[in-house]
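Down below is the structure, laid out as structure tokens.
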Amino acid sequence: MKSIISIIVAMDKNNLIGQKSQIPWHIPSELKRFRSLTMGKPIVMGRKTHESIGRVLDGRDNIVLTSNKRYFKQGVIVYNNLEQIFKDFSHHKEIIIIGGSEIYKHAFPFVNKLYITYVEGSYSGDTWFPEFSLENWNLDSVDNLECAKSKIKYSSKIYTRISE
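Sequential numbering from 8 applies to the sequence shown in this note's numbering.
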């Protein structure tokens, strides 16, 4: 069985995804969506993303991809090779890449599904999603939403790669 390799990301109109290892906006309903989409699935993240989260995300295999061969944290599975992760977890229906920027960049050629949340507006930050084109992607669904608390408007979109 070949796993679906997915990316989940939230970004502003300039592809900004982070500010000092934190998310630049606070949208509780989007965090709930992230939890529901990733629950029970292996999630792959870089070391910096794992450290910024600060804990193991329950109900999921937490996989940290790092070049540091001595990296160890309780409750996470450490890998130094992205393709090896895909091989070792190929028995799962879906593997989800949760960040950060470098991991997204390395994983993008392997990815066949995107969960992208576009946050309206422009924020300041220091980390961006790598440049990409949606030319070979189908838009499967769109939900235009507004955070009740902060009034931030955002849209959640799901894309699948068009098979070649």
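Built from N, CA and C at the ideal position, the CB exists for glycine as well.
Fewer than three pairs of CB atoms, one per stretch, sit closer than 8 Å, so the segment 71-84 makes no contact with the segment 133-146.
Distance from the CA of Gly106 to the CA of Ala155, rounded to the nearest whole angstrom, comes to 26 Å. A distance below 6 Å between beta-carbons, with the five flanking residues on each side excluded, links Ile103 to the following residues of its chain, in chain order: Ser13, Ile15, Thr45, Lys48, Ile50. Annotation: Gln29 to His57 spans about 11 Å, alpha carbon to alpha carbon. Exposed is the label assigned to Pro35, since fewer than 16 other Cβ atoms lie within 10 Å of its Cβ. Annotated as proximal: Asp19 and Ser129, with beta-carbon spacing under 7 Å.
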